[in-house]
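Here the structure comes first, spelled out in structure tokens, and everything after it is commentary.
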Amino acid sequence: MTVLQIILVVTALAGAASVLVAATFSVALLAKMVNNMVSLSVGILLATALLHSLPEAFSMEGTSPQLLFATLLAGLLGFFLLEKIALLRHDHHHEGDGHHHHHGHDAENAGRSGWMILVGDGIHNFVDGILIAAAFMADYQVGIFTAIAIIAHEIPQEIGDFIVLLNAGFSKARALLYNLICGLAAVLGGVLAYFFLEKAHAAMPYLLVIASSSFIYIAVSDLIPQMHRRPHWVESLRQTVLIACGVGFVILLSLLH
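Printed below as a string of structure tokens:
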């Protein structure tokens, strides 16, 4: 097999494997408790963005901290505008407001957070594909270990994404399908890196920052407000513990990585 063929196969496997493992774990353990597991997703998404993706972006050579922070700000504002457009499109109406909306209208409206998490996940997987391709172009063994490390590290993030999609009204099958499609963005990243490695590498830190902005925005603007609607101290304690578990999960895999 040529290097390009290997990159195609490995990026496809890497993109699908983490999604399938995360979906299996989520459906088996979390789907019945998705409202409570939103707190776990908050911990995972924030830890992925603030303890993994952003530090990785800022540590890359040739990057400007000011430009990266500007990219983060632009990403947050961009996702704010996307959500505003979605809200305006639905005119702030809901099924019980007397406007005779079709059944499922509220679920569709709530699903905007799901679409935003898919955008961020797709960008993140695209960057993973670049990393895998660069590793294989340097050394086959390094490429294999890089792919395994990426799969392992992507699992908690994909669990968080899957919970967000279920919470946004996606069915399990639909959430799995869209996550798999986003996982295939790794193939696109791998192919582009094979032909344009230098340019792809230069764009990586900014892509990581944009992906991180989606994780931060969804956690802070959508999921945390949902948690505040259940202010009882027992529920608040449960939420805090689950957030800590999500953060700990990401830290543990980071240490193993």
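Just so it is clear: in the sequence shown, position 186 is 185 by numbering that gives the first Met the number 0, and no numbers are missing.
C-beta: ideal position from N, C-alpha, C; glycine also.
Annotated three-state conformation of PRO230 is coil, per DSSP. Rounded to the nearest whole angstrom, the CA to CA distance from GLY119 to CYS244 is 22 Å. Counting other Cβ atoms within 10 Å of its Cβ, ILE84 stays below 16 and is therefore classed as exposed.
Annotation: SER58 to GLY168 spans about 37 Å, alpha carbon to alpha carbon.
Between ILE242 and GLY159 the beta-carbon gap is near 11 Å, outside 8 Å, which marks them as no contact. Nearest C-alpha to ILE217 among THR239, VAL37, LEU50: VAL37. Burial state of GLU60 is exposed, judged by a 10 Å Cβ sphere holding fewer than 16 other Cβ atoms. When the five nearest sequence neighbours on each side are left out, the beta carbons in the same chain lying within less than 6 Å of the beta carbon of GLY182 are those of GLY14, ALA15, VAL18, ASN124, in order along the chain. Here DSSP, grouped into helix, strand and coil, assigns SER52 to helix.
In the structure shown, the three-state DSSP call for LEU183 is coil.
Between VAL233 and GLY142, the C-beta spacing is not below 8 Å. Each residue's CA atom was taken as its position, placing HIS227 and VAL163 some 16 Å apart.
The C-alpha of ALA137 lies about 41 Å from the C-alpha of GLU82. Excluding the 5 residues flanking it on each side, ALA22 has same chain C-beta neighbours closer than 8 Å at GLU157, PHE161, LYS171, ALA174, LEU175, ASN178, in chain order.
Straight across, the Cα-Cα distance linking GLY128 with THR239 is about 34 Å.
By the Cβ-count criterion, MET0 is exposed, with fewer than 16 other Cβ atoms from all chains shown falling within 10 Å of its own Cβ. Of the residues assessed, PHE248 falls on the buried side of the cut-off, its CB having 16 or more other CB atoms within 10 angstroms.
PHE24: member of the alpha helix (DSSP H) spanning 2-24, first to last residue. Cβ neighbours of GLY189 within its own chain (closer than 8 Å, five residues either side excluded): ILE6, LEU7, VAL9, THR10, GLY128, ILE129, ILE131, ALA132.
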